[in-house]
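Notes to accompany the following structure.
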Amino acid sequence: MAHKKAGGSSRNGRDSAGRRLGVKKFGGEAVLAGNILVRQRGTKFYPANNVGMGKDHTLFALEDGEVKFHKIRGGKSAVSVVANAPAEAAE
Numbered sequence: 000m001a002h003k004k005a006g007g008s009s010r011n012g013r014d015s016a017g018r019r020l021g022v023k024k025f026g027g028e029a030v031l032a033g034n035i036l037v038r039q040r041g042t043k044f045y046p047a048n049n050v051g052m053g054k055d056h057t058l059f060a061l062e063d064g065e066v067k068f069h070k071i072r073g074g075k076s077a078v079s080v081v082a083n084a085p086a087e088a089a090e
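The opening position of the sequence shown corresponds to residue 0 in numbering that gives the first Met the number 0, with each subsequent residue numbered one higher.
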């Protein structure tokens, strides 16, 4: 009888799910305090005015306002939240 020798098993065939990193709120968008602005590994973006950074380098809004991306010293990118002026002050 003809027999086929047993084939070895492959050691590949695994992958991890994507981590859903990136900018979550873009420049000009209105945000509320606590909203996540950027999920990142390391400090691709640095926190500036009214922005906090979590232990996993996630940037989040500390105040209600509008998101602004800009360059800081050394050509690095930073994220700020510009607080909205109260409606009464505008009148």
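Glycine included, C-beta positions come from ideal geometry on N, C-alpha and C.
Please report the distance separating the alpha-carbon of residue i from that of residue j.
{"i": "G53", "j": "A32", "result": "14 Å"}
{"i": "A29", "j": "V66", "result": "7 Å"}
{"i": "A89", "j": "F25", "result": "Confidence at A89 is low in this model, with a pLDDT of 49, below 50, so its placement is unreliable and the value that follows should be read with caution. One C-alpha to the other measures close to 25 Å."}
{"i": "D14", "j": "G74", "result": "35 Å"}
{"i": "V81", "j": "K43", "result": "20 Å"}
{"i": "G21", "j": "L36", "result": "9 Å"}
{"i": "V78", "j": "D55", "result": "16 Å"}
{"i": "N34", "j": "G12", "result": "37 Å"}
{"i": "G51", "j": "L61", "result": "6 Å"}
For residue i, which option in the options has the closest C-alpha, if you only look at C-alpha atoms?
{"i": "A76", "options": "A60, F68, N48", "result": "The amino acid at residue 76 is misidentified as Ala; the sequence shows Ser. Residue F68 is the option with its Cα nearest to S76."}
{"i": "P46", "options": "M0, K70, G17, G27", "result": "K70"}
{"i": "R38", "options": "R18, L61, G12, N11", "result": "R18"}
{"i": "G41", "options": "G27, G64, L58", "result": "L58"}
{"i": "G64", "options": "G51, R72, N83", "result": "N83"}
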